[in-house]
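> Chain order of the listed sequences is V, F, D and Y. Sequential numbering of the first sequence, starting at 1, is according to the working numbering. Sequential numbering of the second sequence, starting at 1001, is according to the working numbering. Sequential numbering of the third sequence, starting at 2001, is according to the working numbering. Sequential numbering of the fourth sequence, starting at 3001, is according to the working numbering. By construction, the Cβ of each residue, glycine as well, lies at the ideal position given by its N, Cα and C atoms. Fair warning: this is a prediction, and the values are worked out from it, not measured in the lab. One structure is given below, represented as structure tokens, and several questions about it will come after.
4 protein chains.
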Amino acid sequence: MNTLGRLFRVSLFGESHGHGVGVLVDGVPAGIPFGVEDVQPELDRRRPGQSLLTTQRQEGDRVEIQSGVHEGRTTGAPVLMLIRNEGQRSQDYAKAPTVPRPGHSDYPARERFGGWNDPRGGGMFSGRLTACHVMAGALAQKLLDAHGVQVAAHTTRIGSIATPRTFTVAQIRETVERTPVRCADLDAAKAMEEEILQARAAKDSVGGIVECIVEGLPVGWGEPNADSVESLLAHAIFSVPATKGLEFGDGFRFAERRGSEASDPYYRDEAGRVRTRANHNGGILGGITTGMPLVFRVAFKPTSSIAVPQPTLDLATGEPTPLQVTGRHDPCIVPRAVPVVEGVARMVLADVLLMHAALRPREVKREW
Amino acid sequence: MNTLGRLFRVSLFGESHGHGVGVLVDGVPAGIPFGVEDVQPELDRRRPGQSLLTTQRQEGDRVEIQSGVHEGRTTGAPVLMLIRNEGQRSQDYAKAPTVPRPGHSDYPARERFGGWNDPRGGGMFSGRLTACHVMAGALAQKLLDAHGVQVAAHTTRIGSIATPRTFTVAQIRETVERTPVRCADLDAAKAMEEEILQARAAKDSVGGIVECIVEGLPVGWGEPNADSVESLLAHAIFSVPATKGLEFGDGFRFAERRGSEASDPYYRDEAGRVRTRANHNGGILGGITTGMPLVFRVAFKPTSSIAVPQPTLDLATGEPTPLQVTGRHDPCIVPRAVPVVEGVARMVLADVLLMHAALRPREVKREW
Amino acid sequence: MNTLGRLFRVSLFGESHGHGVGVLVDGVPAGIPFGVEDVQPELDRRRPGQSLLTTQRQEGDRVEIQSGVHEGRTTGAPVLMLIRNEGQRSQDYAKAPTVPRPGHSDYPARERFGGWNDPRGGGMFSGRLTACHVMAGALAQKLLDAHGVQVAAHTTRIGSIATPRTFTVAQIRETVERTPVRCADLDAAKAMEEEILQARAAKDSVGGIVECIVEGLPVGWGEPNADSVESLLAHAIFSVPATKGLEFGDGFRFAERRGSEASDPYYRDEAGRVRTRANHNGGILGGITTGMPLVFRVAFKPTSSIAVPQPTLDLATGEPTPLQVTGRHDPCIVPRAVPVVEGVARMVLADVLLMHAALRPREVKREW
Amino acid sequence: MNTLGRLFRVSLFGESHGHGVGVLVDGVPAGIPFGVEDVQPELDRRRPGQSLLTTQRQEGDRVEIQSGVHEGRTTGAPVLMLIRNEGQRSQDYAKAPTVPRPGHSDYPARERFGGWNDPRGGGMFSGRLTACHVMAGALAQKLLDAHGVQVAAHTTRIGSIATPRTFTVAQIRETVERTPVRCADLDAAKAMEEEILQARAAKDSVGGIVECIVEGLPVGWGEPNADSVESLLAHAIFSVPATKGLEFGDGFRFAERRGSEASDPYYRDEAGRVRTRANHNGGILGGITTGMPLVFRVAFKPTSSIAVPQPTLDLATGEPTPLQVTGRHDPCIVPRAVPVVEGVARMVLADVLLMHAALRPREVKREW
């Protein structure tokens, strides 16, 4: 099933080498100013062919808004956004049907769909569908804007290179597009870039981490238990191809710590707002926003399509066969994943926003 | 909202200090042998008071099956399982309403629910609700049994101590209950135990990691995109209090690797089955099971309730105030989280199983 | 699956002769004053044994609120309401397993659940589960109260006797409890009562119609298409056992009319409100409330459990066998269905209310 | 929200005068032969301009399958079907924004969407969206084909003319397309045709009833309570514009009957199958199919767009104003609603089929 969200509901469709890919967004309040100009710049950040760090495939990725918008405003009807495919070279994938590529979904997909799935370019498994997350996120952001919620992601690790620094949304925005690797730490970015080019030169690929910061979230959004903000984000993040890990705040480093080292004590700031002195918990406690920045990190595996020969199996003959993946692939998908992670965060938080509007208490207890 | 699952639907309810906690499970096929005896042993593993490593609170945690089972078999009707509360000491939590405990949901929950949420013992945020995951998991396992799916989790890190070894389900089962810390590596377990006792002695707490292995999964369960096995597991795992990180297979280590180092090449084993030589991807590709063991790890933060004094704020007066959490708390929740993680894995995989039964292809393509 | 509603989510469980029946309600905003006293009076209206018109079974139907309420207010956690069973005489149903009762679910249920369903008293198919709709409705009404929404139903037909009159909520409330048949037209009520007593004397049963009026609904609640107010009500109404028809406004009489005879022209009343001169459409256009009273009617079939001998089949032997249903059954369920229909209307409209809070436009267009 | 179904999920989108209308269908098993040729004939039955009984608007209604189908088979990915708009005359609707048409959604929609909804041709409220039900139904039928499930609807009442006869699927199919009114009783059809032409001549419109028969359903599909077959059908049927009533089997006539007159006694037919001698219940008991034909009837109101002048209100000025709806409207939508009702039945039953595959008992009890 291909729908994310309870109220702000995002349904993906399309294939890498079919007519196109797109997204149907339901649960969009009427009257939100929205147009192609809100989506295209974000899509352009995800689009291939931007630098040597990414695939040299050229895809225009022009969004068309087909429904749900009239005279520059959402109408309350479902919003359909489409990108038509152009210039696919299906022959690059000719071997897929019987020789499954290691690390790709070819083999399990064949079993799952009885062999009927569209094998061209990964079909519905293609990373191309992440354009849908970007489109839905662009619409979601228009809802978040009314609450001052700001989302920014950047690359914090590529292979052996990581930035030790933390950044605010403003800092990320200032520098992130100055480097093709999309890391806000420009020194680290330089080294990361080198790391990718080396992998590329070796016909190999390399993984990395994207960190996402959300500022401006009010206290008290989200739900405990099944619809915790972490749960909703995690569900959506792991729907993005190539994601293999997710952590909030200190994440896995919590496992190494004592309680007294991981405490976020409260204080009142000059403006009278309740804040915490540290933010180990990454802005969420009990599934609910604390008013501190939401911080999470996503681990991406190295692209599985590498030109290094790999041993695999011809399922038709049952015989081992080497496979050398040809075609134009990303030596590292992480730079292009940055706007995707932002898109996912936005769509999930728009859903949280709508849930909050529905379920917030109508009255506040007086006694505190 | 408090429901997990599309078909095998698990709804949690209850509070730490109210009448009790429980779970309503819908989407249970009729005719599955099921009784208290399937649930109670798993609950006993989660229950407090088992060793010095855990809280000294005594909770009987006796499950009662109130509906959906007749003469030892599920009837197809929703299954309600209840645990009545007994022996709570609410006074331990007396300070909660105006002095929010750092690291707990007190403050954001107050904002979320306008102050109306049940503050006693964390109310609906209590770790006590994880008994529900265990109960639902016990029922789910009866569905998985028919397919030979086996789930086992154990502790792989406590603070600075981690086991470097990997284990099979059989290996975990053989040793996990021999140590109160529930680590299958008995040498590491010893050191982990010591780590917890030291934290306890310091009136502090410590975090850790639980690893879960699922064997016997067929190839081709799950969905691409929004309902990937990773997405469904992640959604449910992050609904468990104190979870802050999740990774599949190599997880965050993928970020440091090249594609050629992270490849899972296919081969045919002696029995003629398609297998991969490595299992970096942890048994899932494109959201779908590969037939290799499913492997994931969950990071738990150290218990926030520590007797070490922490600075915080009295929201009633606006003044800073120190807080020393009293009551009987776990110095480390990780040992008790082991059966919870298993329960979550089981309930999610039962849902995946039912989805597969519904959506599997009715016919298989001939040409491969 | 046993859950109704998108946000205000009502899950039914229980069996006629098991431990009890109950309802889990999720999506309840915190801070709503709520207690047993809000539910019990409505339950008492549905409970058997009120007059000769209904079954002589005595069921106490005492509600217990097990979670989600603290110090007289909802907490935002799921609300579990339970009724424990008492005094069931299962032997009355002894023949059920192999001799299916005509008009009951015995036979299709056996096929659906492979024979594992609880056969005692209809199990999960029992009309006893309609107590759940009443309980959920009582909670829903507390949400509706804040908007001035008022729901009242009454009997408008029993067998050959129908009232030709229409009533307001106030009129229904004034008279409906003065007659055991629950018809606001006291003259017709007399004749309806007679109709039921005659059926009873003949060891037979009789069907009828319940009409429901909702006043105080604002303009603009609901959705077009899949979540029209009519769709949501219809879904929930047809989940009530014995319902076989539903119509809104003029309903089936529309089929006999011309457009010019079925028009609801707009005017502005003295208070300046937009109203329609007629209300053929029953308060809904395009799935959305018009501000006029919502009007719908539900057809109930005669109780299938009749003491008149009926031919049926012994599925064990394959032989025809006569069946004379014993036990204490309602000669007409319609009077007891009145509070059930109200309960369903309430729970659905509470869901519509929450959806509206989430999806309403944040800004209104100026130009009209 | 615009999605119907739990597993076979149908999401509608589009507007009457925008780019087009379409449907996204998720939950489609892979490997089902499917193409434009399966959809277009059904669409052609719904399309305007077929006879004098319907609107003279000419809409080509050419379906394009944009995703989810590859080489003539479904792939398991979501299926997007689109119809592009052509030849709309928006000026016909110029008055809509401030002068709400009686019987249309203009006024409540304006309130619901804050005036932002697309007013051209009813926007998302347009009957044009029923093409989506037809498209989704055509795909659903391919799933039903494998089980021998056959759906046929026809007109049973237009204004004062009704057929007293009942028909089988085969009988309906034989005659229904021989008459523009789509009534299987050719004598009644003649009179119905006349009824519509008279309404047309009077610049008026007329309502009617569509009856739908489903044969070939096995025993035991569906669920009790919230997901009864009646509930799911009712939800979807009332999402179709202009539906105001729905009944199953004897429907509202049950209200006039005694239990002994409404009994469906079981017998075993020559082929050894369990059948009922009558079918008052229309093939469903307790929400579950009985193996007898499913029978339901839908009441449609007369088209609200009539050229007879109607008094209404100019919302901009607050003054009364007469309204004479111009444009090319159906004097009776019932003939075109026939394939829509079939489409809805098909999509719902495909969902029921998938739910059954998921939730059916894995084992059958021996003792009967």
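Just checking my contact of Y:Thr3055 with Y:His3329 at CB under 8 angstroms: how many whole Å lie between their CB atoms?
Position 55 of the fourth sequence holds residue 3055 of chain Y. Position 329 of the fourth sequence holds residue 3329 of chain Y. Y:Thr3055 to Y:His3329, Cβ: 5 angstroms. Contact.
> Would you mind telling me which residues of chain V sit closer than 8 angstroms to F:Gln1056, beta carbon to beta carbon, in chain order?
Your numbering for residue 1056 of chain F matches position 56 in the second sequence. Within 8 angstroms Cβ-Cβ: nothing; F:Gln1056 doesn't reach chain V, min ~17 angstroms.
> Can you name the start and end residues of the beta strand (DSSP E) that D:Leu2246 belongs to?
Locating residue 2246 of chain D in the third sequence gives position 246, counting from the first residue. D:Leu2246 -> beta strand (DSSP E) spans 2243–2248.
> Counting only C-beta atoms, is D:Gly2027 closer than 8 angstroms to chain F at any point?
For the purposes of this step, residue 2027 of chain D is taken as residue 27 along the third sequence, with counting starting at 1. Yes, D:Gly2027 lies at the interface with chain F (some Cβ there is under 8 angstroms from its Cβ).
> Less than 6 angstroms between C-beta atoms, sequence neighbours within five positions excluded: which residues of the same chain meet that for F:His1104?
The residue you call residue 1104 of chain F lines up with position 104 of the second sequence. For F:His1104, where only same-chain residues beyond five positions count, the Cβ hits under 6 angstroms are Ser1304.
> I'd like to check one pair, D:Arg2258 with Y:Gly3159: are the Cβ atoms closer than 8 angstroms?
Stepping through the fourth sequence from its first residue, residue 3159 of chain Y is reached at position 159. Stepping through the third sequence from its first residue, residue 2258 of chain D is reached at position 258. Their beta carbons are under 8 angstroms apart, which means Y:Gly3159 touches D:Arg2258 by this criterion.
> F:Gly1114 CB to nearest chain Y CB: under 8 angstroms?
Here residue 1114 of chain F refers to the residue found at position 114 of the second sequence. No, F:Gly1114 does not count as interfacial toward chain Y.
> Can you give me, in chain order, the residues of the region 187–203 of chain V that have a beta carbon less than 7 angstroms from any beta carbon in chain D?
Result list empty, no residue passes.
> Along the beta strand (DSSP E) that carries F:Thr1290, what are the first and last residues, could you check?
Reading the second sequence from its first residue, position 290 is the one you call residue 1290 of chain F. Run containing F:Thr1290: 1288–1290, per the beta strand (DSSP E) assignment.
> Contact check, D:Val2025 vs D:Val2079 under 8 angstroms by CB: the rounded distance?
Position 25 of the third sequence, counted from the first residue, corresponds to residue 2025 of chain D. Position 79 of the third sequence, counted from the first residue, corresponds to residue 2079 of chain D. Sure, about 5 angstroms apart at Cβ, within 8 angstroms.
> Using a cut-off of 9 angstroms between C-beta atoms, extract the partners of F:Phe1013 located in chain D.
Mapped onto the second sequence, residue 1013 of chain F falls at position 13. Residues of chain D passing the Cβ test: Leu2024, Asp2026, Gln2066, Ser2067, Gly2068, Ala2077, Pro2078, Val2079, Leu2080.
> Within the chosen definition, does the region 137–149 of chain V reach the region 26–43 of chain V through at least 3 CB pairs nearer than 8 angstroms?
Yes: the two stretches touch, three or more of their Cβ pairs being nearer than 8 angstroms.
> Would F:Ile1213 and F:Pro1293 be called neighbours here (beta carbons separated by less than 8 angstroms)?
Within the second sequence, residue 1213 of chain F is the residue found at index 213, counting from 1. Within the second sequence, residue 1293 of chain F is the residue found at index 293, counting from 1. Yes; because the gap between Cβ atoms is below 8 angstroms, this pair is in contact.
> Could you compute how far the alpha carbon of D:Val2274 sits from the alpha carbon of Y:Pro3309?
Counting from one through the third sequence, the residue named residue 2274 of chain D turns up at place 274. Counting from one through the fourth sequence, the residue named residue 3309 of chain Y turns up at place 309. Using only the alpha carbons, I get a separation of about 19 angstroms.
> Looking at F:His1070 and D:Asp2118, is the spacing between their C-beta atoms short of 8 angstroms?
As a working note, residue 2118 of chain D is residue 118 in the third sequence. As a working note, residue 1070 of chain F is residue 70 in the second sequence. Result yes, Cβ atoms of D:Asp2118 and F:His1070 sit closer than 8 angstroms.
> Applying a beta-carbon distance threshold of less than 8 angstroms, which residues of chain V neighbour Y:Asp3038?
In the fourth sequence, the residue the question calls residue 3038 of chain Y occupies position 38. In chain order: nothing, as chain V lies at least about 16 angstroms away.
> With DSSP as the reference, identify every bridge partner of D:Gly2020, one or two as the case may be.
In the third sequence, counting from the first residue as 1, residue 2020 of chain D sits at position 20. D:Arg2084.
> Between F:Lys1095 and chain Y, is the shortest Cβ-Cβ distance under 8 angstroms, so that the two count as touching?
Taking the first residue of the second sequence as position 1, residue 1095 of chain F is located at position 95. Reliability fails at F:Lys1095, whose pLDDT of 48 lies under 50, so the model's placement of it is uncertain and the value that follows must be treated cautiously. So no, F:Lys1095 is outside the interface.
> With DSSP as the reference, identify every bridge partner of D:Cys2212, one or two as the case may be.
As a working mapping, residue 2212 of chain D is identified with position 212 in the third sequence. Per DSSP, D:Ala2153, D:Phe2296.
> Measure the alpha-carbon distance for D:Asn1994 versus Y:Phe3300 and round it to whole angstroms.
The shown model of chain D, from 2001 to 2368, leaves out residue 1994 of chain D, and the question about it has no answer.
> Along chain V, in chain order, which residues have C-beta atoms closer than 8 angstroms to that of Y:Asn3085?
As a position in the fourth sequence, residue 3085 of chain Y is number 85, starting the count at 1. Result: empty, since nearest Cβ-Cβ is about 10 angstroms, beyond 8 angstroms.
> Please report the residue range of the beta strand (DSSP E) in which Y:Asp3038 lies.
Here residue 3038 of chain Y corresponds to residue number 38 of the fourth sequence, with the count starting at 1. From DSSP, Y:Asp3038 is part of no beta strand (DSSP E) but of the alpha helix (DSSP H) over 3036–3046.
> With C-beta atoms as the reference, is Y:Leu3182 less than 8 angstroms away from Y:Pro3041?
Working through the fourth sequence from its first residue, we reach residue 3182 of chain Y at position 182. Working through the fourth sequence from its first residue, we reach residue 3041 of chain Y at position 41. According to the sequence as given, residue 3182 of chain Y is Arg; it is not Leu. No, Cβ-Cβ distance for Y:Arg3182 and Y:Pro3041 is not below 8 angstroms.
> Nearest chain F C-beta to Y:Ala3307 closer than 8 angstroms, yes or no?
Walking along the fourth sequence from the start, residue 3307 of chain Y turns up at place 307. Not closer than 8 angstroms to any Cβ of chain F, the Cβ of Y:Ala3307 fails to qualify, so no.
> Going by other Cβ atoms of all chains shown within 10 Å of its Cβ, with 16 needed for buried, is V:Asp187 buried or exposed?
In the first sequence, the residue the question calls residue 187 of chain V occupies position 187. The residue is exposed, with fewer than 16 neighbouring Cβ atoms inside 10 Å.
> Return the CA-CA distance between F:Pro1311 and D:Arg2362, expressed in angstroms with no decimal places.
Taking the first residue of the second sequence as 1, we reach residue 1311 of chain F at position 311. Taking the first residue of the third sequence as 1, we reach residue 2362 of chain D at position 362. When rounded, the distance between both Cα atoms is 40 angstroms.
> Under 7 angstroms Cβ-Cβ, which residues of chain V neighbour F:His1235?
Sequence index remark: in the second sequence, residue 1235 of chain F carries index 235 (1-based). Those within 7 angstroms of F:His1235 in chain V are Ser231, Ala234, His235.
> So, using beta-carbon positions, are V:Ala224 and F:Gly1286 closer together than 8 angstroms?
Within the first sequence, numbered from 1, the residue matching residue 224 of chain V stands at position 224. Within the second sequence, numbered from 1, the residue matching residue 1286 of chain F stands at position 286. Contrary to the premise, residue 224 of chain V reads as Pro rather than Ala in this sequence. Not in contact: V:Pro224 and F:Gly1286 (Cβ atoms no closer than 8 angstroms).
> In angstroms, rounded to a whole number, what distance separates the CA positions of D:Arg2046 and D:Ile2209?
Locating residue 2046 of chain D in the third sequence gives position 46, counting from the first residue. Locating residue 2209 of chain D in the third sequence gives position 209, counting from the first residue. For D:Arg2046 and D:Ile2209, the distance between alpha carbons rounds to 16 angstroms.
> For chain Y, check one thing: does any of its Cβ atoms lie closer than 8 angstroms to the Cβ of D:Thr2003?
In the third sequence, the residue the question calls residue 2003 of chain D occupies position 3. Cβ-Cβ to chain Y under 8 angstroms: yes for D:Thr2003.
> Cβ of F:Ser1016 less than 8 angstroms from any chain V Cβ?
As a first step, residue 1016 of chain F must be located in the second sequence, where it is residue number 16. Not an interface residue.
> Rounding to the nearest angstrom, what Cα-Cα distance links D:Ala2236 and Y:Phe3008 in this structure?
Within the third sequence, residue 2236 of chain D is the residue found at index 236, counting from 1. Within the fourth sequence, residue 3008 of chain Y is the residue found at index 8, counting from 1. Each residue's Cα considered, the two are about 20 angstroms apart.
> Using three-state DSSP, classify F:Ala1077 as helix, strand or coil.
To locate residue 1077 of chain F, count along the second sequence from 1; it is residue 77. F:Ala1077 falls in the coil class under three-state DSSP.
> Can you tell me which of V:Val352, V:Leu315, V:Glu256, V:Cys132 puts its alpha carbon nearest to the alpha carbon of V:Ile284?
Taking the first residue of the first sequence as position 1, residue 284 of chain V is located at position 284. Among V:Val352, V:Leu315, V:Glu256, V:Cys132, the Cα nearest to that of V:Ile284 belongs to V:Val352.
> Using DSSP with H/G/I as helix, E/B as strand and the rest coil, what is Y:Thr3321?
Start at 1 with the first residue of the fourth sequence, and residue 3321 of chain Y comes out as number 321. The answer is strand: DSSP assigns Y:Thr3321 an E or B state.
> Return no unless some Cβ of chain V is closer than 8 angstroms to the Cβ of Y:Thr3074.
Along the fourth sequence, read from residue 1 onward, the residue named residue 3074 of chain Y stands at position 74. So yes, Y:Thr3074 belongs to the interface.
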